[in-house]
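K.L.:
If you use our numbering, the sequence shown closes out at 360, no skipped numbers anywhere.
A virtual CB, placed ideally from N, CA and C, is assigned to each residue, including glycine.
Sharing a structure, written as structure tokens. Questions coming.
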Amino acid sequence: MTSKSRGDESLIIVMNSDADAADVAHVVERLHDIGAEAHISEGRYRTVIGALGDREVIQQLPWEAFPGVERAVPVLKPFKFVSRDFQQEDSIVAVGNVPVGGGHFVPIAGPCAVESREQLFAAAEAVAKAGATILRGDAFKPRTSPYSFQGLEEKGLELLAEARDEFGLPFVAEVVDPRDVDLVASYADLIRVGTRNMANFTLLSELGRQNKPVLLKRGFTATIEEWLNAAEYIYKEGNHDIIMCERGIRTFETATRNTLDISAVPVIKGLSHLPIIVDPSHSGGRKELVAPLTRIAVASGADGFMVDVHPAPETALVDGAQAILPSEFTELMGEVRALAGVMGVEL
Ligand code: PEP
Ligand code: MN
14 MTSKSRGDES LIIVMNSDAD AADVAHVVER LHDIGAEAHI SEGRYRTVIG ALGDREVIQQ
74 LPWEAFPGVE RAVPVLKPFK FVSRDFQQED SIVAVGNVPV GGGHFVPIAG PCAVESREQL
134 FAAAEAVAKA GATILRGDAF KPRTSPYSFQ GLEEKGLELL AEARDEFGLP FVAEVVDPRD
194 VDLVASYADL IRVGTRNMAN FTLLSELGRQ NKPVLLKRGF TATIEEWLNA AEYIYKEGNH
254 DIIMCERGIR TFETATRNTL DISAVPVIKG LSHLPIIVDP SHSGGRKELV APLTRIAVAS
314 GADGFMVDVH PAPETALVDG AQAILPSEFT ELMGEVRALA GVMGVEL
């Protein structure tokens, strides 16, 4: 065992969809025979095995000749399963019955936080009518101040589930605490990890062990590599349904809430097979920036966008300054449709 390659996974062995437990056990046994470790990630559609140990010894074996093995992929980056080396084709993530990625573009809209039935239903009805395909709304809010409104908790999730039934939109909601993962997963169609929790590895691993898709926001001080490593934490535990979300990063600039790093879209697309969307509301932080930043998001090749829409932004308990009105969202959707046509993506 060379000390240089120890500690790094050097090969990923992808089992085909009809491989059985004995095929997996056979590969694992062979890895152990040559002194390597096996990290098994059992996904909904297939199992992948990360081989850890001496790169040269591992790569000498004819893995593709083993029963049940589809292919063996050498990996050079710190993140593996989420990389393009591992999977060339774009991943398509199903949120309820809405596909995201691989040419399927998704508009996500709704209030930042669920405040009341009236507020949520007014927003949900309007965004559904305007063409949003996923509803957003939070029941748990990670606030900068401990004295600010923290969310309606389970009551908020119940209202979101009612709005889903009423308007036919699957919904995304944030989870803040690993102890609430089961609760949020029992209601939401897509679970969001917020910027402040991107590096909460306990939470990420917990989300990797349940089977709802995850929307992973970029940490506001995270590099793209750190962000992809966060996705790797989820993938590795067996949940392969991950959507990345660029939401702006902290820079020296103070004219905007955060600086939207639009180059993250093509960079992620080059490095990873995962879909990526953009959040123009939390990056710009001001309502007049939402439409221009959304247009840029569509033109960048992103797989969707997520915006805050509130029926009465001046009364909003959270993020009123960046919320747009339902009528403004309707207008924005007209522009999005036109640009999506130019980009050749399906709404
Ligand atoms: C949000 O989407 O409501 C949110 C809190 O976003 P972020 O974690 O990006 O600040
Ligand atoms: Mn918000």
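Which of helix, strand or coil does DSSP assign to S285?
P.N.:
S285: strand per DSSP, three-state reduction.
K.L.:
Just to confirm the assignment, what range does the beta strand (DSSP E) spanning G232 have?
P.N.:
Looking at the DSSP string, G232 is not in any beta strand (DSSP E), and its letter there is neither H nor E.
K.L.:
Whose C-alpha, out of R59, H39, A64, is nearest the C-alpha of A49?
P.N.:
Closest option to A49, Cα to Cα, is A64.
K.L.:
Comparing the CB of D332 with every heavy atom of the ligand MN, is any distance shorter than 6 Å?
P.N.:
Yes, since a heavy atom of the ligand MN falls inside the 6 Å radius drawn around the Cβ of D332.
K.L.:
Ordered along the chain, which non-local residues of its own chain (more than five positions away) have a Cβ less than 8 Å from that of V40?
P.N.:
Same-chain partners within the cutoff: I26, M28, A51, I62, W76, F79, G81, V82.
K.L.:
Looking at the structure shown, is H117 part of a helix, part of a strand, or coil, going by DSSP?
P.N.:
H117: strand per DSSP, three-state reduction.
K.L.:
Any heavy atom of the ligand MN closer than 6 Å to the beta-carbon of C125?
P.N.:
Checking the Cβ of C125 against the ligand MN gives yes.
K.L.:
Should F318 be labelled buried (16 or more other beta-carbon atoms within 10 Å of its own) or exposed?
P.N.:
It counts as buried.
K.L.:
Helix, strand or coil, according to DSSP, for T264 in the structure here?
P.N.:
Three-state result, T264: coil.
K.L.:
Which residues in the same chain as R439 place their Cβ atom closer than 8 Å to its Cβ, once the five residues preceding and following it in sequence are excluded?
P.N.:
Look at the range of the chain in this structure, 14 to 360, and you will see that residue 439 is not part of it.
K.L.:
Cβ of H323 within 6 Å of any heavy atom in the ligand PEP?
P.N.:
No, the ligand PEP has no heavy atom inside 6 Å of this Cβ.
K.L.:
With distances taken between CB atoms, is the gap from L217 to A243 smaller than 7 Å?
P.N.:
In contact: L217 and A243 (Cβ atoms closer than 7 Å).
K.L.:
For H323, name the three-state secondary structure that DSSP assigns.
P.N.:
Coil.
K.L.:
With hydrogens ignored, establish whether the beta-carbon of T13 is closer than 6 Å to any heavy atom of the ligand PEP.
P.N.:
Not covered by the structure: residue 13. The range shown for the chain is 14 to 360.
K.L.:
Roughly how many angstroms lie between the CA atoms of E131 and S54, to the nearest whole one?
P.N.:
Cα-Cα distance, rounded: 43 Å.
K.L.:
Could you check what DSSP says for R205 in three-state terms: helix, strand or coil?
P.N.:
In the structure shown, R205 sits in a strand (DSSP, three-state: E or B).
K.L.:
May I have the straight-line CA-CA distance separating V70 from E42, to the nearest angstrom?
P.N.:
Roughly 15 Å separates the two Cα atoms.
K.L.:
At a threshold of 6 Å, does S157 count as lining the ligand PEP (C-beta to nearest heavy atom)?
P.N.:
Before going further, note that residue 157 is Thr rather than Ser in the sequence given. Checking the Cβ of T157 against the ligand PEP gives no.
K.L.:
Three or more beta-carbon pairs under 8 Å between the region 291-307 and the region 101-108, yes or no?
P.N.:
Short answer: they don't touch.
K.L.:
Could you check which residue in L165, T157, R270 has the C-alpha nearest to that of E128?
P.N.:
Among L165, T157, R270, the Cα nearest to that of E128 is on L165.
K.L.:
Just to confirm my understanding: we take F99, look at its own chain, exclude 5 residues before and 5 after, and list those with CB closer than 7 Å. What are they?
P.N.:
I25, V86, V88, K93, listed in sequence order.
K.L.:
Does the ligand PEP have a heavy atom nearer than 6 Å to the CB of D208?
P.N.:
One detail in the question is off: residue 208 reads as Thr in this sequence, not Asp. Within the cutoff, so yes.
K.L.:
Might you give, ordered along the chain, the residues of its own chain that have their beta carbon closer than 8 Å to the beta carbon of L44, omitting 5 neighbours on each side?
P.N.:
Answer for L44: E50, A51, I62, A64, G66, I71, listed in chain order.
K.L.:
P305 lies in the alpha helix (DSSP H); which residues open and close that run?
P.N.:
It spans 300-312 - the alpha helix (DSSP H) in which P305 sits, taken as one unbroken run.
K.L.:
Are V119 and T146 closer than 7 Å when you measure CB to CB?
P.N.:
Yes. Within cutoff.
K.L.:
Report yes or no: do three or more beta-carbon pairs, one from the region 145-160 and one from the region 108-126, lie closer than 8 Å?
P.N.:
With a cut-off of 8 Å, the region 108-126 and the region 145-160 count as touching, because enough Cβ pairs lie within range.
K.L.:
Can you name the residues that DSSP bridges to M257?
P.N.:
DSSP lists L229, I289 as partners of M257.
K.L.:
Could you please give me the residues that DSSP links to G63 through a beta bridge?
P.N.:
In the DSSP output, where bridge partners are listed per residue, G63 has I25, H52.
K.L.:
What separation, rounded to the nearest whole angstrom, lies between the Cα atoms of P112 and I256?
P.N.:
Rounded to whole angstroms, P112 to I256 spans 11 Å at the Cα level.
K.L.:
Which residues in the same chain as T15 place their Cβ atom closer than 6 Å to its Cβ, once the five residues preceding and following it in sequence are excluded?
P.N.:
Bear in mind that a pLDDT of 33 at T15, under 50, signals an unreliable position, so the model cannot answer this.
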